[in-house]
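J.:
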Amino acid sequence: MNKNKYWIAFSSIEEIDSSFIQRLYNYFGDIEKAFNADDLSSIDGLSVKKAENFLRLRDKIDIDKAVKEVENRGINYLTFEEESYPFMLKNIYNPPSVLYYKGDLGSCNLCKTLAVVGSRRATRYAKEALEKIISEFQNTDICIVSGLATGIDTTAHAAALDNNLKTVGVIASGFDYTYPAANKDLYKRIENGCGVIVSEYYPTFQPLKFRFPQRNRIVSGLSYGTLVAEASLKSGALITANLTLEQGRELMCIPGLITNPNTEGIYKLLKNGASLVTCADDILEVLGWEVKVEQENLFNLPDLSDDEKIIYEALEIEEKCVDELQAFTKLSIDNLLMYLTTMELKGIIKQVDGDRYKRAVKV
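The sequence shown lines up with residues -19 to 343 when you count with the numbering used here.
#1: On the DSSP letters alone, give me the boundaries of the beta strand (DSSP E) that Arg339 sits inside.
#2: What are the boundary residues of the alpha helix (DSSP H) that Gln306 is part of?
#3: Identify the continuous beta strand (DSSP E) that holds Val257 and give its terminal residues.
#4: Would the beta-carbon of Gly54 fall within 9 Å of that of Arg101?
#5: So for Ser77, helix, strand or coil by DSSP?
#6: Taking a contact to mean a Cβ-Cβ separation below 9 Å, would you say Ala209 touches Ser99 in this structure?
#7: Assuming contact is defined by CB atoms lying nearer than 9 Å, are Tyr337 and Leu311 in contact in what I supplied?
#8: Give the secondary structure of Val271 by DSSP, where H, G and I count as helix, E and B as strand, and everything else as coil.
#9: Quick one: grab the DSSP three-state call for Ser200.
#10: Taking only the alpha-carbon atoms, compute the straight-line gap between Ile177 and Arg3 and give it to the nearest angstrom.
#11: Leaving aside the five residues before and after Phe192 along the sequence, list all residues of the same chain whose C-beta is less than 7 Å from its C-beta, in chain order.
#12: Whole angstroms is fine: what's the gap from Pro183's alpha carbon to Phe155's?
#13: Rounded to whole angstroms, what's the CA-CA distance from Tyr204 to Ala95? Just pull it up for me.
#14: Skipping 5 residues on each side, what residues in its chain have a beta carbon closer than 7 Å to that of Pro282?
#15: Considering only C-alpha positions, which residue in the set Gln194, Leu20, Glu270 and Glu180 is nearest to Ile(-12)?
#16: What do you get for Ser64, buried or exposed, if any count of 16 or more other CB atoms within 10 angstroms of its CB means buried?
#17: Do you know offhand how far Pro187's Cα is from Tyr159's?
#18: Around the Cβ of Ile329, are there at least 16 other Cβ atoms within 10 angstroms (buried) or fewer (exposed)?
#19: Which residue spans inside the stretch 108 to 145 form an unbroken alpha helix (DSSP H) run of at least 4?
#20: Which whole-angstrom value is the C-beta distance of Leu218 and Ile263, which I expect to be below 8 Å?
#21: For the stretch 247 to 256 against the stretch 126 to 140, do three or more pairs of beta-carbon atoms, one drawn from each stretch, fall closer than 8 Å, so that the two count as touching?
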């Protein structure tokens, strides 16, 4: 704790970043000496203006108060020089000086971390494809890492939770903010035993625009590989993809419709050597992981009747409307509607676009 408080005091200065802190730490070899140094002029490449700004702001900090502000909010933290600091993250360029977190970090297997990124305006196809792939990891020790944004990020986290996987959400602000607000319940699910939410930012720091690209290096940096599920040519997902390559990690992509502008970045990455992924086994092969994927076989469930099994079989390839299901199953309309209602209540199927039905992951 004696040294940790200086890491936290450093990180509470909003006008400096991790690269500045790391430069001082590497020069002095001790975080306390780095924080209390009065002469920074001999540090090669350090901006004089930044150095002067730091010294001015540092003298205004109450170090013990800075730590108490974190602890009083129930926020845990790891500093860069602690042994439990994530190994993969420590080995990237410009690693976070402090990782603030809520949730159960110890329950997450950081030796099998997969980052998932993609468009905030993701298509239904991309979400369903991602849900399918993640569902194939059900009940394994694989940990899904993403950025808790809308679209693909939200789908990735929710799919992980629905399939009994741990997940890490990396946010672009301090814990005083929940962004986007629509993910408030998702935050709580992750914090309450289903994984961990992490941030490099002191609790009071706002989710400003420039912090999201900075956050991306942590998403990819925590992970052995990154899966991209839709990305336009100018997108945060493509930034993360490039960071993945810079960090020497594996890059993978889910193919999409060539008429969708959000797949232009996908096909650019694939043409440049990214691995194509259509199922969980593709990811396991790329990363060299061996896990036992125990998928639930709905046909073996005792509460499925023979007619329900036929209905489920009819939905194997794509969603169908009631008329199509009746033609396939040969059931009366009354019996079909009864079975559809029962199966929906069981979580086996779900209704989409009016009277159309599709398979659903059973929670």
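Yeah, the Cβ is synthetic: ideal placement off N, Cα and C, and Gly gets one too.
No experiment lies behind these values; they were computed from the predicted model shown.
T.: In terms of the structure at hand:
#1: Here residue 339 refers to the residue found at position 359 of the sequence shown. Its beta strand (DSSP E) spans residues Arg336 to Arg339.
#2: Taking the first residue of the sequence shown as position 1, residue 306 is located at position 326. Start and end: Val302 to Thr309.
#3: Residue mapping note: residue 257 aligns to position 277 of the sequence shown, counting from 1. From DSSP, Val257 is part of no beta strand (DSSP E); its letter is neither H nor E.
#4: Here the question's residue 54 lines up with position 74 in the sequence shown. Here the question's residue 101 lines up with position 121 in the sequence shown. Not a contact, by the Cβ cut-off of 9 Å.
#5: Along the sequence shown, read from residue 1 onward, the residue named residue 77 stands at position 97. It is coil, neither helix nor strand.
#6: Along the sequence shown, read from residue 1 onward, the residue named residue 209 stands at position 229. Along the sequence shown, read from residue 1 onward, the residue named residue 99 stands at position 119. Cβ atoms of Ala209 and Ser99: closer than 9 Å.
#7: Taking the first residue of the sequence shown as position 1, residue 337 is located at position 357. Taking the first residue of the sequence shown as position 1, residue 311 is located at position 331. No, the Cβ-Cβ distance between Tyr337 and Leu311 is not below 9 Å.
#8: What you label residue 271 is simply residue 291 of the sequence shown in a count that begins at 1. Coil at Val271, not helix or strand.
#9: For the purposes of this step, residue 200 is taken as the residue at position 220 of the sequence shown. Of the three classes helix, strand and coil, the one that applies to Ser200 here is helix, per DSSP.
#10: Counted from its first residue, the sequence shown places residue 177 at position 197. Counted from its first residue, the sequence shown places residue 3 at position 23. Ile177 and Arg3: Cα-Cα distance of roughly 27 Å.
#11: On the sequence shown, residue 192 is found 212 positions in, with the first residue counted as 1. Hits under 7 Å: Ala152 and Gly216.
#12: For the purposes of this step, residue 183 is taken as residue 203 along the sequence shown, with counting starting at 1. For the purposes of this step, residue 155 is taken as residue 175 along the sequence shown, with counting starting at 1. Using only the alpha carbons, I get a separation of about 5 Å.
#13: Taking the sequence shown and counting its residues from 1, the one referred to as residue 204 is at position 224. Taking the sequence shown and counting its residues from 1, the one referred to as residue 95 is at position 115. Distance between the alpha carbons of Tyr204 and Ala95 is about 8 Å.
#14: For this step, residue 282 is matched to residue 302 along the sequence shown. Reliability of the predicted coordinates at Pro282 is poor, the pLDDT of 49 falling under 50, and no value is obtained from them.
#15: The count along the sequence shown starts at 1 and reaches residue -12 at position 8. In this structure, Glu180 is the residue among Gln194, Leu20, Glu270 and Glu180 with its C-alpha nearest to the C-alpha of Ile(-12).
#16: Here residue 64 refers to the residue found at position 84 of the sequence shown. Exposed, since its Cβ has fewer than 16 Cβ neighbours within 10 Å.
#17: Counting from 1 along the sequence shown, the entry for residue 187 is found at position 207. Counting from 1 along the sequence shown, the entry for residue 159 is found at position 179. Going by C-alpha positions, Pro187 is about 7 Å away from Tyr159.
#18: Walking along the sequence shown from the start, residue 329 turns up at place 349. By the neighbour-count rule (16 or more Cβ atoms within 10 Å), Ile329 is buried.
#19: Correct list: 132 to 142.
#20: Walking along the sequence shown from the start, residue 218 turns up at place 238. Walking along the sequence shown from the start, residue 263 turns up at place 283. Contact between Leu218 and Ile263 does not hold, since the beta-carbon distance rounds to 20 Å and is not under 8 Å.
#21: Contact fails: fewer than three Cβ-Cβ distances are below 8 Å.
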